[in-house]
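S.K.: Keeping their order, the protein sequence lines are chains A and B.
Residues 265 to 456 (our numbering) make up the first sequence, in order.
Residues 265 to 456 (our numbering) make up the second sequence, in order.
The C-beta atom is built at its ideal place from N, Cα and C for all residues, glycine as well.
So that we are looking at the same thing, I have put the structure below in structure tokens.
Protein chains: 2
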Amino acid sequence: MKVLQEKITKHGQVISGRILKVDSFLNHQIDPELMHQIGLEFAQLFSSDEITKIITIESSGIAPAVMAGLHLHVPVVFARKRKSLTLNDDLLSSTVFSFTKNETNEISISKKYIKENDRVLIIDDFLANGEAASALAEMVEKANAKVMGIGIVIEKSFQKGANKLKDQGYRVESLARISSLADDKVTFTSEK
Amino acid sequence: MKVLQEKITKHGQVISGRILKVDSFLNHQIDPELMHQIGLEFAQLFSSDEITKIITIESSGIAPAVMAGLHLHVPVVFARKRKSLTLNDDLLSSTVFSFTKNETNEISISKKYIKENDRVLIIDDFLANGEAASALAEMVEKANAKVMGIGIVIEKSFQKGANKLKDQGYRVESLARISSLADDKVTFTSEK
Ligand SMILES: Nc1nc2c(ncn2[C@@H]2O[C@H](COP(=O)(O)OP(=O)(O)O)[C@@H](OP(=O)(O)OP(=O)(O)O)[C@H]2O)c(=O)[nH]1
Ligand SMILES: Nc1nc2c(ncn2[C@@H]2O[C@H](COP(=O)(O)OP(=O)(O)O)[C@@H](OP(=O)(O)OP(=O)(O)O)[C@H]2O)c(=O)[nH]1
């Protein structure tokens, strides 16, 4: 997605040759018009999949997901990482391992919001090791719903997440794919 | 806002006579079209205030805020409740007291994203005791920016937040105002 690549090139900051900071338009400050275009892009990629639901995870996945939901005319559910005041239903839960923190955390979605036979599009902002996306997919499977695909805003292709998800048989559509952040420089993959 | 009141009446659940659960369209599952209409409503209410920035707080404030930002053509920043991978700049911080948990927590926004003279619209999903909205307003003031108003999706008028913010001189615009949840019944305030 050209405008996204331009934003990354112009505003992205690389840290330690392996982290892309895009706090100015995606992870802290959000550019709503860009999110709207990202949502439209996901909607077009999955337009013939008869999506019935979008699933994402708090917090940075919410804006891209809700814009995709607006264009696809489907509800969006965000998995919670922590207890919330009203999330006390029967829950679907999965664990997410953090390599950085070396710890395992649980994420949850109420069973009320993923039904058997839902055709689910998973959306998230980053795809790195793929722990979060795998956990979301696992919850969809536990609900006997179908993962129609995984939409990612920024894929770090040099980490294992993309291959892991594709090896599991999922269709992964990433709007920007970064083959390297080495030397604090953003290199986009040139072909699929 | 009529369609919001209808959604609350139809899908809201009252818990213990004091909590309104709207997980089916606002706090866990999100209705994107409703969010789009909510965003438009906020944009119209603040259309002559020359808003330059919207501030909210993760997670449930993000969807309404980003839709308002889409209609007002301004960036949206969400305050973080916890450390994030890339939020390591100079921070504006404020504390939020939780009556339920009887604890104080810190929320933060990078100084990069609220500039002196920004004309800020604060948006959040619920207004109850007003701790979160007050903390967001405090951060805006610390940055020498101006709070043009506070846009709330659902105000619980029987709690002190709305009056607290108005007494501080802020303009508060709530799209649904609930005067009571007693007897597990939703009663909307009938006039301003
Ligand atoms: N900006 C940025 N973030 C990255 C990058 N690589 C991974 N992340 C984010 O870091 C978080 C994952 O951190 P950990 O759970 O500690 O996992 P990890 O060490 O195994 O990568 C996720 O944030 P999250 O759960 O999505 O957090 P939130 O922003 O939704 O709150 C993920 O999106 C990167 O290059 N740049
Ligand atoms: N559904 C619902 N929520 C209510 C109601 N009253 C307050 N809240 C939410 O509860 C959270 C505040 O809880 P606490 O920090 O424990 O504060 P409190 O006990 O002083 O109210 C906030 O969620 P938050 O920080 O916005 O969480 P998040 O959803 O953004 O993650 C607030 O929006 C209500 O009647 N219904």
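Out of A:I326, A:G425, A:D382, A:F361, point me to the one whose CA is closest to A:F313's CA.
M.R.: Stepping through the first sequence from its first residue, residue 313 of chain A is reached at position 49. Strictly speaking, residue 313 of chain A in this sequence is Asp, with Phe absent from that position. Nearest option by C-alpha distance: A:D382.
S.K.: Using a cut-off of 7 Å between C-beta atoms, extract the partners of A:L349 located in chain B.
M.R.: Mapped onto the first sequence, residue 349 of chain A falls at position 85. Here the neighbours are I283.
S.K.: Report buried or exposed for B:K379, applying the criterion of at least 16 other Cβ atoms within 10 angstroms of its Cβ.
M.R.: Along the second sequence, one-based indexing puts residue 379 of chain B at 115. Classification for B:K379: exposed.
S.K.: For A:L334, I'd like the list of residues in its chain whose CB is within less than 7 Å of its CB, leaving aside the five on either flank, ordered along the chain.
M.R.: For the purposes of this step, residue 334 of chain A is identified with residue 70 of the first sequence, where counting begins at 1. Here the set comprises G303.
S.K.: Using a Cβ cut-off of 7 Å, pull out every chain C residue sitting near A:L334, in sequence order please.
M.R.: Of the protein chains in the structure, A and B, none is chain C.
S.K.: Could you give the uninterrupted runs of the beta strand (DSSP E) lying entirely in the stretch 332-360 of chain A, keeping only those of 3 residues or more?
M.R.: Qualifying beta strand (DSSP E) stretches, in chain order: 340-343.
S.K.: Hey, A:G281 and A:D447 are a contact pair by Cβ (cut 8 Å); roughly how many whole angstroms apart?
M.R.: On the first sequence, position 17 is the one that residue 281 of chain A refers to. On the first sequence, position 183 is the one that residue 447 of chain A refers to. Right, their Cβ atoms sit about 7 Å apart.
S.K.: Closer than 7 Å, Cβ to any Cβ of chain A: which residues of the stretch 314-335 of chain B, in chain order?
M.R.: Answer in chain order: E322, S323, I326, A327, V330, G333, L334.
S.K.: Is B:S362 close to ligand 2? I mean its beta-carbon at under 7 Å from any heavy atom of the ligand.
M.R.: By 1-based counting over the second sequence, the position of residue 362 of chain B is 98. Yes, the beta carbon of B:S362 sits closer than 7 Å to at least one heavy atom of ligand 2.
S.K.: May I ask which residues mark the beginning and end of the alpha helix (DSSP H) holding A:K420?
M.R.: Walking along the first sequence from the start, residue 420 of chain A turns up at place 156. Taken as a continuous stretch (DSSP letters only), A:K420 belongs to no alpha helix (DSSP H), being part of the beta strand (DSSP E) at 410-420.
S.K.: Report the option in A:K271, A:I371, A:A440, A:Q269 whose CA atom is closest to the CA atom of A:E395.
M.R.: For the purposes of this step, residue 395 of chain A is identified with residue 131 of the first sequence, where counting begins at 1. When only C-alpha atoms are compared, the closest one is A:I371.
S.K.: Using 8 Å as the limit for Cβ to Cβ distance, is A:D287 near chain B?
M.R.: Taking the first residue of the first sequence as 1, we reach residue 287 of chain A at position 23. Yes, A:D287 lies at the interface with chain B (some Cβ there is under 8 Å from its Cβ).
S.K.: Could you tell me which chain B residues have their CB closer than 8 Å to the CB of A:H292, listed as they occur along the chain?
M.R.: Here residue 292 of chain A corresponds to residue number 28 of the first sequence, with the count starting at 1. By Cβ distance, chain B contributes V341, F342, R344, S348, T350, L351, I373, S374, Y377.
S.K.: How far does the alpha helix (DSSP H) with A:I272 in it reach, from first residue to last?
M.R.: Your numbering for residue 272 of chain A matches position 8 in the first sequence. Counting along the chain, the alpha helix (DSSP H) containing A:I272 begins and ends at 266-275.
S.K.: Among B:I373, B:L336, B:V411, whose alpha-carbon lies nearest the alpha-carbon of B:K347?
M.R.: Your numbering for residue 347 of chain B matches position 83 in the second sequence. Minimum Cα distance to B:K347 is reached at B:I373.
S.K.: Closer than 7 Å: is that where the CB of A:F422 sits relative to any heavy atom of ligand 2?
M.R.: Within the first sequence, residue 422 of chain A is the residue found at index 158, counting from 1. Flag unset: Cβ of A:F422 not near ligand 2.
S.K.: Can you grab the Cα-Cα spacing for the pair A:N291 / B:A397, in whole Å?
M.R.: Numbered from its first residue, the first sequence carries residue 291 of chain A at position 27. Numbered from its first residue, the second sequence carries residue 397 of chain B at position 133. Computed Cα separation, rounded: 21 Å.
S.K.: In terms of DSSP beta bridges, what is B:E367 paired with?
M.R.: Counted from its first residue, the second sequence places residue 367 of chain B at position 103. In DSSP, B:E367 forms a bridge with B:S362.
S.K.: Tell me the residue span of the beta strand (DSSP E) that contains B:A426.
M.R.: Walking along the second sequence from the start, residue 426 of chain B turns up at place 162. From DSSP, B:A426 is part of no beta strand (DSSP E) but of the alpha helix (DSSP H) over 425-431.
S.K.: Ends of the beta strand (DSSP E) at B:V384?
M.R.: Locating residue 384 of chain B in the second sequence gives position 120, where the first residue counts as 1. From DSSP, the beta strand (DSSP E) with B:V384 extends over 383-391.
S.K.: Could you check whether A:A392 and A:G425 sit closer than 8 Å to each other, using their CB atoms as the reference points?
M.R.: In the first sequence, residue 425 of chain A corresponds to position 161, counting from 1. In the first sequence, residue 392 of chain A corresponds to position 128, counting from 1. Contact flag set, yes.
S.K.: Run through DSSP, which three-state label would A:F310 get?
M.R.: As a first step, residue 310 of chain A must be located in the first sequence, where it is residue number 46. Here A:F310 sits in coil by DSSP.
S.K.: Starting from A:A396, follow the alpha helix (DSSP H) in both directions and report where the run begins and ends.
M.R.: As a first step, residue 396 of chain A is located in the first sequence; it is residue number 132 there, counting from the start. Where A:A396 is concerned, the enclosing alpha helix (DSSP H) stretches over 395-406.
S.K.: Relative to the C-alpha of B:S444, which candidate in B:H300, B:V278, B:K271 has its C-alpha closest?
M.R.: Reading the second sequence from its first residue, position 180 is the one you call residue 444 of chain B. Nearest C-alpha to B:S444: B:V278.
S.K.: Label B:E270 either buried or exposed according to how many other C-beta atoms from any shown protein chain fall within 10 Å of its C-beta, with 16 as the threshold for buried.
M.R.: Here the question's residue 270 of chain B lines up with position 6 in the second sequence. The residue in question, B:E270, is exposed, as its Cβ has fewer than 16 Cβ neighbours within 10 Å.
S.K.: May I ask you to verify whether the stretch 417-424 of chain B touches the stretch 347-360 of chain B, counting CB pairs closer than 8 Å and requiring at least 3?
M.R.: The stretch 417-424 of chain B is not in contact with the stretch 347-360 of chain B.
S.K.: Can you give the Cα-Cα distance for B:Q432 and A:I283, rounded to whole angstroms?
M.R.: Indexing the second sequence from 1 puts residue 432 of chain B at position 168. Indexing the first sequence from 1 puts residue 283 of chain A at position 19. Looking at the two C-alpha atoms, the distance is approximately 41 Å.
S.K.: On the DSSP bridge list, what partners appear for B:I319?
M.R.: The sequence position of residue 319 of chain B within the second sequence is 55, counting from 1. According to DSSP, B:I319 bridges with B:V341, B:I386.
S.K.: Measuring CB to CB, does A:A440 end up less than 8 Å from A:L268?
M.R.: Counting from one through the first sequence, the residue named residue 440 of chain A turns up at place 176. Counting from one through the first sequence, the residue named residue 268 of chain A turns up at place 4. Taking 8 Å as the Cβ cut-off, A:A440 and A:L268 qualify as a contacting pair.
S.K.: Within 10 Å of its beta-carbon, does A:S324 have 16 or more other beta-carbons around it, so buried, or fewer, so exposed?
M.R.: As a position in the first sequence, residue 324 of chain A is number 60, starting the count at 1. Label assigned to A:S324: buried.
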